[in-house]
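Q: Got a structure for you, questions after.
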Amino acid sequence: MSPVVSAEGVTKRFGRVTALDNVSFELTDNTIHGLLGRNGAGKTTLMQLLTGQHFATAGRLTVFGQRPYENAQVLDRICFIKESQTYPQAFAVRHALEAARLLFANWDEAFAAELVEDFQLPLRRSVRKLSRGMLSALGVTIGLASRAPLTLFDEPYLGLDAAARHIFYDRLITDYAEHPRTVVLSTHLIDEVSNLIERVLLIDRGRLLLDQSAESLRTEYVTVSGPAASVDRLAGTGEQLHREQLGNMARVTVRRPLDAAERDRAASLGLELTPVSLQELMVRMTTRGSGRDSGATVKEGAR
Amino acid sequence: MNRVLAVTRMQLVNWPVTLGWPWGILMASFLANLAIFWSIADTTDQPQSTGAVMSIYIVLLVGYGQVITQFFPFALGLGVTRRAFYAATLLLLVAESLLYGVLLYLCRLLEAATGGWGLSLRFFALPFLVDDNPVAQILIYAVPFTVLGAIGMCSALVFKRWGVNGLFVLGFATIVLGGGAIAWVSWQRHWAAIGHWFADQSALTLFAGWPVPLTLVLAGIGYLTIRRATA
Numbered sequence: 003m004s005p006v007v008s009a010e011g012v013t014k015r016f017g018r019v020t021a022l023d024n025v026s027f028e029l030t031d032n033t034i035h036g037l038l039g040r041n042g043a044g045k046t047t048l049m050q051l052l053t054g055q056h057f058a059t060a061g062r063l064t065v066f067g068q069r070p071y072e073n074a075q076v077l078d079r080i081c082f083i084k085e086s087q088t089y090p091q092a093f094a095v096r097h098a099l100e101a102a103r104l105l106f107a108n109w110d111e112a113f114a115a116e117l118v119e120d121f122q123l124p125l126r127r128s129v130r131k132l133s134r135g136m137l138s139a140l141g142v143t144i145g146l147a148s149r150a151p152l153t154l155f156d157e158p159y160l161g162l163d164a165a166a167r168h169i170f171y172d173r174l175i176t177d178y179a180e181h182p183r184t185v186v187l188s189t190h191l192i193d194e195v196s197n198l199i200e201r202v203l204l205i206d207r208g209r210l211l212l213d214q215s216a217e218s219l220r221t222e223y224v225t226v227s228g229p230a231a232s233v234d235r236l237a238g239t240g241e242q243l244h245r246e247q248l249g250n251m252a253r254v255t256v257r258r259p260l261d262a263a264e265r266d267r268a269a270s271l272g273l274e275l276t277p278v279s280l281q282e283l284m285v286r287m288t289t290r291g292s293g294r295d296s297g298a299t300v301k302e303g304a305r
Numbered sequence: 029m030n031r032v033l034a035v036t037r038m039q040l041v042n043w044p045v046t047l048g049w050p051w052g053i054l055m056a057s058f059l060a061n062l063a064i065f066w067s068i069a070d071t072t073d074q075p076q077s078t079g080a081v082m083s084i085y086i087v088l089l090v091g092y093g094q095v096i097t098q099f100f101p102f103a104l105g106l107g108v109t110r111r112a113f114y115a116a117t118l119l120l121l122v123a124e125s126l127l128y129g130v131l132l133y134l135c136r137l138l139e140a141a142t143g144g145w146g147l148s149l150r151f152f153a154l155p156f157l158v159d160d161n162p163v164a165q166i167l168i169y170a171v172p173f174t175v176l177g178a179i180g181m182c183s184a185l186v187f188k189r190w191g192v193n194g195l196f197v198l199g200f201a202t203i204v205l206g207g208g209a210i211a212w213v214s215w216q217r218h219w220a221a222i223g224h225w226f227a228d229q230s231a232l233t234l235f236a237g238w239p240v241p242l243t244l245v246l247a248g249i250g251y252l253t254i255r256r257a258t259a
């Protein structure tokens, strides 16, 4: 599979603020990528660089093999739906859809009509009178029906209720199966999308902390709890993300792929193994070293 | 080119509003003027003029500012290049200006046919704006639209690229340069010469000749500004 996006040492500074710091990664063809990180981590900046809306301070960034800035051959294939997507004030919902139909070669009118039905979007209502949730539903509808080879959703569902979010996930996964494309989804609702995401990119303070498949993350990290001495014996030299200790009982989240034999041993030691959710992993990785903990002992893992 | 046309069409998806505002405001000011001059018609026999046709030019200036503040970010998100967006907007401006020029010319003909709306009122055929050649008359109406549209676009682009501070700097520079020029002309007592120069120009050169290079310069400045503008 060829990379749709290739970034080498990409850095973006706004004055004295470094929004992205020497970031390198590739986005593969026909994959759903989760772009995760805390507020201000640099997710939106990265998406703006990918879509040629901002300009990298340093580094090399190619999309579909070419530089994206002012490149019609690249940008024609991109749809970018932002968190606070705005529309011309004179537009009603149907005008926004009509505009998207004019601009996207792969636009699917029937699919758009289904989504409008699903989200109960009022076609003739002015965008100024749409609720926050309906504006998000309109953005999601355009993003999905555009079938752009590279579709970016930046926190696309502000104000969308849980039912509507699930319609979005269901529609995305079904349509993606029939029309594979490259999707980048940035979100705070990580648990909701963890089954959707095939590859995870985690950025924190402008640096890329993780870039690997969601599948391998699930097997690589584990939370071990039980008697402290046994926990430490099993966790061994694995990189500890988080540690809570109460008396002689410990609970440690550690980077430690375990094979079947090790799992048996854990059971015989009276240890409980629980998988680490994507959300927990993101929280642990991005709050390390921030000096805060909930009264428990936090220990930096041995490297 | 197809992309540019698609973007132009995108800007016109709600064309009744795009065209409705300028002409709605013009009609409102026209009716207000008719009422005013009808109410004072018995006090004078002289033909009356009013400059209220200016209103449509102002609405167009504001409208092209909004094209930049509202359509530009929207189009960028939908994968349109700045170049294509700018070309499409200029195309729209030229087409709209010509259409409005023709419509204003037709209004002028109607005004002449009805004896100034029965009131000897010159609303469309302002004395300094008239030319007997239809093509010249249409251009006299049309070209100033392109200047005002370009001013609206450039101001909005300064705002898009440099924010409110950019607008303050622009305003400051305009006042310093404009004020300086006025002071210099007054000091050198050039006002009479300038007045003569304007009086010597035909309506065609004044409204359809000199504004052309002005529009081109503004369009060039706008292009350089939009190249690095962000949504």
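As you go down the protein sequences, you meet chains A and B in turn.
Numbering follows this note's numbering, in which position 195 of the first sequence is assigned residue number 197; successive positions increment by one, without gaps.
Numbering follows this note's numbering, in which position 68 of the second sequence is assigned residue number 96; successive positions increment by one, without gaps.
The beta-carbon is built from N, C-alpha and C at its ideal position, and this holds for glycine as well.
Just so you know, these numbers come straight off a predicted model, no measurement behind them.
#1: Closer than 6 Å by C-beta to leucine 243 of chain A: which residues in its own chain qualify, once you throw out the five before and the five after it? Chain order, please.
#2: What's the C-alpha gap between leucine 77 of chain A and phenylalanine 196 of chain B?
#3: Where does phenylalanine 200 of chain B sit, in a helix, a strand or coil, going by DSSP?
#4: What residues from chain B crowd round phenylalanine 93 of chain A, counting only those whose CB sits closer than 8 Å?
#5: Just the Cα atoms here: how many angstroms apart are glycine 297 of chain A and glutamine 247 of chain A?
#6: For the beta strand (DSSP E) containing phenylalanine 82 of chain A, name the first residue and the last one.
#7: Using a 10 Å radius around the Cβ and a threshold of 16 neighbouring Cβ atoms, would you call glycine 240 of chain A buried or exposed?
#8: Could you say if the region 99 to 114 of chain A and the region 120 to 133 of chain B meet the contact criterion of at least three C-beta pairs nearer than 8 Å?
#9: For methionine 251 of chain A, count the other beta carbons within 10 Å of its own beta carbon; 16 or more makes it buried, fewer makes it exposed. Which is it?
#10: Taking DSSP as the reference, what is the three-state secondary structure of lysine 301 of chain A?
#11: Find the nearest neighbour of lysine 84 of chain A within the set A:Val25, A:Leu160, A:Arg257 and A:Ser128, judged by alpha-carbon distance.
#12: If we define contact as Cβ-Cβ less than 8 Å, is alanine 259 of chain B a contact residue for chain A?
#13: Helix, strand or coil for glutamine 242 of chain A, going by three-state DSSP, please let me know.
#14: Just verifying my parser: in three-state terms, what is the DSSP assignment at tyrosine 223 of chain A?
#15: Which residues in the same chain as serine 148 of chain B place their Cβ atom closer than 6 Å to its Cβ, once the five residues preceding and following it in sequence are excluded?
#16: Using a threshold of 8 Å, state whether the C-beta atoms of isoleucine 96 of chain B and lysine 188 of chain B are closer than that.
#17: By the three-class DSSP mapping on this structure, what secondary structure does alanine 159 of chain B have?
#18: If contact means a Cβ-Cβ distance below 8 Å, which residues of the region 76 to 93 of chain A contact chain B?
#19: Under 8 Å, do alanine 150 of chain A and isoleucine 80 of chain A count as touching if we go by C-beta distance?
#20: Going by Cα to Cα distance, which pick from A:Val195, A:Ser188 and A:Glu100 is closest to leucine 40 of chain B?
#21: Is the CB-CB distance between phenylalanine 152 of chain B and leucine 132 of chain B below 8 Å?
A: Taking the definition as stated:
#1: Thr255 and Arg286
#2: 33 Å
#3: helix
#4: Val41 and Asn42
#5: Confidence is the limiting factor: at glycine 297 of chain A the pLDDT is only 38, short of 50, which leaves the residue's position unreliable, though a coordinate-based value still follows. In a straight line, the C-alpha of glycine 297 of chain A is about 9 Å away from that of glutamine 247 of chain A.
#6: 80 to 83
#7: buried
#8: no
#9: exposed
#10: Because lysine 301 of chain A sits at a pLDDT of 43, beneath the cut-off of 50, its placement in the model cannot be relied upon, and the following sentence gives the value as read from the coordinates. Residue state, collapsed to three classes: coil.
#11: A:Leu160
#12: yes
#13: strand
#14: strand
#15: Pro75
#16: yes
#17: Here residue 159 of chain B turns out to be aspartate, not alanine, going by the sequence shown. DSSP places aspartate 159 of chain B in coil when its eight states are reduced to three.
#18: Leu77, Asp78, Arg79, Ile80, Cys81, Phe82, Ile83, Lys84, Gln87, Thr88, Tyr89, Pro90, Gln91, Ala92 and Phe93
#19: yes
#20: A:Glu100
#21: yes
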